[in-house]
Each structure stands twice: as C-alpha cells, then as structure tokens.
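Engineer:
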C-alpha cells in the first residue's frame, strides 16, 4: 500500500504526545488521515529544505495543547522547534 500525504497545520495529542495531522489518499483514491508525531530526514541527508517547508505551514493547536507547549518552551524557541524537541525527547 502507498499513501500520498500532505502536512496540515493541525497538531493534536495522541497518547499524550503532540502529533501533526497529515491528510492524503491511497494510490486507489481512498482518503486517509494520519497522526504523525515524528518525521525524520535520513541522518546523512541535508534536512534544511524539509525543515523550511514544514515550518512554512501555520500551526493550529487546541488551547489546552498550546498552553502546555508554551509552558515547556525554552527562551527564544518557536512552537515548531519546541514540538520537535519534545517529540525527540520521548525516545
């Protein structure tokens, strides 16, 4: 099975962890929704373009999740960077 998905700006909690909502379709056209907490570019690849494109998407959070992330943000850290850091720390 193949999925063709596109990132949305919506971040929701899945098992207490922030996950970006991705929308898409299977190759046969079945619509799907994916909740993805972590997407990682290969370690030996340049991830700067991927990060730039992902950060261009306006992030929409529910009030409770937004407040929880604000409380955990480091000084000068963006929401996207805080979410990435928090997701990485769960491993």
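Residue numbers (this note's numbering): 1 to 91.
Cβ atoms here follow ideal geometry from the backbone N, Cα and C, with glycine treated the same way.
#1: On a Cα-Cα basis, can you pick out the residue from 81, 60, 70 that is closest to residue 7?
#2: Does DSSP put residue 7 in a helix, a strand or coil?
#3: Here's the rule: buried if 16 or more other CB atoms are within 10 angstroms of the residue's CB, otherwise exposed. What is residue 4?
#4: Tell me the DSSP secondary structure of residue 31 in three-state form.
#5: What's the call for residue 75, buried or exposed, on a 16-neighbour Cβ count within 10 Å?
Structural biologist: Per the coordinate set shown:
#1: It is 60.
#2: Three-state result, residue 7: strand.
#3: By the Cβ-count criterion, residue 4 is exposed, with fewer than 16 other Cβ atoms from all chains shown falling within 10 Å of its own Cβ.
#4: Assigned with DSSP and collapsed to three states, residue 31 falls in strand.
#5: Exposed is the call here.
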